[in-house]
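All remarks here apply to the structure that follows.
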Amino acid sequence: MVFEAGLTDTHGGNISIRCGNYIVIKKSGKMLGYLTPEDFVVTTLEENEELDRFASIELKVHRAIYREIPEVNAVLHAHSPYTVACSLIFDPIVPLDSEGKLLLREVPVLSATKVVSSEEVAREIPKLLKTSPVTVIKSHGPFAVGKTPEEALKYLSALENSCKIITIRKILQERS
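Residue 181 is where the sequence shown starts when you use the working numbering, and the numbers rise one by one after that.
Printed below as a string of structure tokens:
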């Protein structure tokens with residue numbers, strides 16, 4: 181659904197769910213747009229060298245989110261094009277549309293030295309997600325959370341839609 185909705189490229193992004201002390205997460209290198217049950221790995225909330233080697237490179241960040249925010253049961257990360265573009269200009273991203281304002285208010289943007297699976301991102305993203313259901317790593321993409329994958333998708337999708345509107349408005353303003 182994430183790929184089909186244009187929220188990421190074929191291999192960009194990852195998804196996980198928490199099941200008690202376990203995490204079910206997309207395997208590294210699998211296409212987010214064409215996932216099958218075999219494309220997931222079950223690992224633990226604590227590091228598990230044997231199981232972790234198959235998991236998405238962003239496992240460290242997913243784990244940190246689950247540890248720091250107990251009510252979260254799903255994490256979705258994508259490389260949403262309009263969101264990434266807006267993250268290069270705005271911090272925070274403030275939706276202009278009514279749905280975005282209602283669901284998101286304002287979305288924090290994290291500027292990190294290393295954007296993919298770094299200790300800095302794993303440390304800072306949970307802090308930001310305590311204040312907003314979605315946050316963006318500048319130049320990389322959003323992380324959204326929810327009680328279910330569908331709830332996380334709702335926030336990710338709303339943010340991408342808001343960023344499209346921001347972008348279109350900016351283009352139209354420049355032409356008038």
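Glycine included, every Cβ here is placed at the ideal spot set by N, Cα and C.
The model shown is predicted, which means the values in this text are computed figures rather than measured ones.
Return yes when at least one heavy atom of the ligand FMN lies under 7 angstroms from the C-beta of residue i, else no.
i       : result
Leu-352 : By its list of ligands, the structure shown contains no ligand whatsoever, and the ligand FMN lies outside what it can speak to.
DSSP has residue i in a bridge; who is on the other side?
i       : result
Pro-306 : Note: Pro-306 sits in no beta bridge, so no partner.
Arg-198 : Ile-203
Pro-217 : Answer is none; Pro-217 lacks a bridge partner.
Ile-317 : Leu-290 and Gly-321
Gly-209 : Answer is none; Gly-209 lacks a bridge partner.
State the Cα-Cα distance for the pair residue i and residue j, rounded to the nearest angstrom.
i       : j       : result
Tyr-246 : Leu-225 : 8 angstroms
Gly-193 : His-257 : 5 angstroms
Thr-216 : Arg-355 : 45 angstroms
Leu-283 : Lys-334 : 9 angstroms
Leu-308 : Glu-218 : 32 angstroms
Val-314 : Pro-329 : 13 angstroms
Can you check which of these residues, the options, is closest to residue i by C-alpha distance?
i       : options                               : result
Leu-290 : Ser-267, Lys-327 and Ala-258          : Ser-267
Ala-235 : Glu-330, Lys-210 and Glu-279          : Lys-210
Arg-349 : Pro-275, Glu-331, Lys-327 and Lys-281 : Pro-275
Asn-201 : Arg-243, Ala-302 and Ile-269          : Arg-243
Val-221 : Ile-197, Val-241, Ala-324 and Thr-315 : Ile-197
Ile-305 : Lys-206, Asp-232 and Lys-240          : Lys-240
Lys-233 : Pro-250, Lys-206 and Leu-212          : Looking at the sequence shown, residue 233 is not Lys but Arg. For Arg-233, the nearest C-alpha among the options comes from Lys-206.
Tyr-214 : Leu-308, Ile-195, Arg-303 and Leu-352 : Ile-195
Glu-227 : Ile-203, Arg-303 and Leu-308          : Ile-203
Pro-250 : Cys-199, Leu-352, Leu-336 and Ile-351 : Cys-199
Ile-237 : Glu-299, Ser-278 and Lys-310          : Glu-299
For residue i versus residue j, is the C-beta spacing smaller than 8 angstroms?
i       : j       : result
Ile-317 : Ala-292 : yes
Ser-319 : Val-295 : yes
Phe-323 : Val-255 : yes
Val-287 : Ile-269 : no
Between which residues of its own chain and residue i is the CB-CB distance below 6 angstroms, once the five residues before and five after are set aside?
i       : result
Val-264 : Gly-321
Identify, in the order they occur along the chain, each residue of the same chain with its Cβ nearer than 8 angstroms to the Cβ of residue i, setting aside the five sequence neighbours on each side.
i       : result
Lys-344 : Tyr-262
Gly-280 : Ala-338, Leu-339, Asn-341, Ser-342 and Ile-345
Ser-312 : Leu-284, Arg-285, Glu-286, Val-287 and Pro-288
Leu-231 : Val-221, Val-222, Thr-223 and Thr-224
Taking 7 angstroms as the limit between beta carbons, can you name the residues of its chain near residue i, skipping five residues before and five after?
i       : result
Ala-332 : Ala-254, Val-255, Leu-256, Ala-324, Val-325 and Gly-326
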